[in-house]
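Participant:
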Amino acid sequence: MRVRILLSFLVIALAAMFLYACNTQQPKSQNVQTSSVISQISHSTEAEPNYNASLKDQAKIYNSTPSRVALAMLICKLDNSYFYTDIVTLDAKELFDILRDSAVDNNITLESLNTRYGLLDILAAENIYITISSNNVTFTSSPEVASEKAAEKKHSTDSSKSDAWIEKFQTAITSN
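Numbering (mature numbering (1 follows the signal peptide of the UniProt record, and there is no 0)), first residue to last: -21 to -1, 1 to 155.
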């Protein structure tokens, strides 16, 4: 009889220890999973860019270029249905197409975006050369001519001139 009671006690003790171990480990892994999911959600839904951050720093963070970062910022400024982190890495041509559509939807001309933010300079940094008339756009260069212009720009001895658009853009984007 004593053996039976001792065995019963041992079985109950082992079962209790097993349940305790399972209950203490599950919340830890659940908390890790929950915080991981929350982190992923908050990262992937960053709708607003940091307009005060350096374009070059943002380009490094998102493995993009300063001009694409600028285009993505403009898009987010015009249309809050786009998430910054989703578009900042898109091709410059795709970003320009989105920007053009967003400008039309908001009754803003590309000319006004050029005047305020230096849109032509931003696009030229991506070897996209256009002329603007209202929201009608004409691409003015074939890829070969654009490459020649890019090569000319690259050989420029004054690097501050080539980055002048960045300062103009950053001043304009933060003054809103």
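Note that CB positions come from ideal geometry on N, CA and C, so glycine has one too. This structure is a prediction, so every number in the text was calculated from the model and none was measured.
Are the beta-carbon atoms belonging to Leu34 and Ile145 less than 8 Å from one another?
Facilitator: yes
Participant: Measuring alpha carbon to alpha carbon, tell me which residue in Val116, Tyr96, Ser(-14) and Ala103 is nearest Met52.
Facilitator: Tyr96
Participant: Report back the beta-carbon spacing between Val116 and Leu92 to the nearest angstrom; my notes put them in contact at under 8 Å.
Facilitator: With 8 Å as the limit, Val116 and Leu92 do not qualify as a contact, their Cβ atoms being about 12 Å apart.
Participant: Leaving aside the five residues before and after Ala82 along the sequence, list all residues of the same chain whose C-beta is less than 8 Å from its C-beta, in chain order.
Facilitator: Leu57, Thr88, Leu89, Leu92 and Asn114
Participant: Taking its Cβ as the centre, do 16 or more other Cβ atoms sit within 10 Å of Phe75, making it buried, or is it exposed?
Facilitator: buried
Participant: For Phe118, list the residues DSSP reports as bridge partners.
Facilitator: Ile109
Participant: Identify, in the order they occur along the chain, each residue of the same chain with its Cβ nearer than 7 Å to the Cβ of Asp100, setting aside the five sequence neighbours on each side.
Facilitator: Trp144
Participant: Let me check understanding here. Comparing Cα to Cα, which of Tyr61, Asn85, Ser60 and Phe148 lies closest to Leu102?
Facilitator: Phe148
Participant: Look at the alpha carbon of Thr110 and the alpha carbon of Asp36, and state the distance between them as a whole number of angstroms.
Facilitator: 29 Å
Participant: Alpha carbon to alpha carbon, how far is Ile77 from Asp84? Give it in angstroms, no decimals.
Facilitator: Distance between the alpha carbons of Asp84 and Ile77 is about 10 Å.
Participant: Which runs of the alpha helix (DSSP H) spanning at least 4 residues fall entirely within the stretch 36 to 115, listed in chain order?
Facilitator: 45 to 57, 63 to 66, 71 to 84, 89 to 96 and 98 to 103
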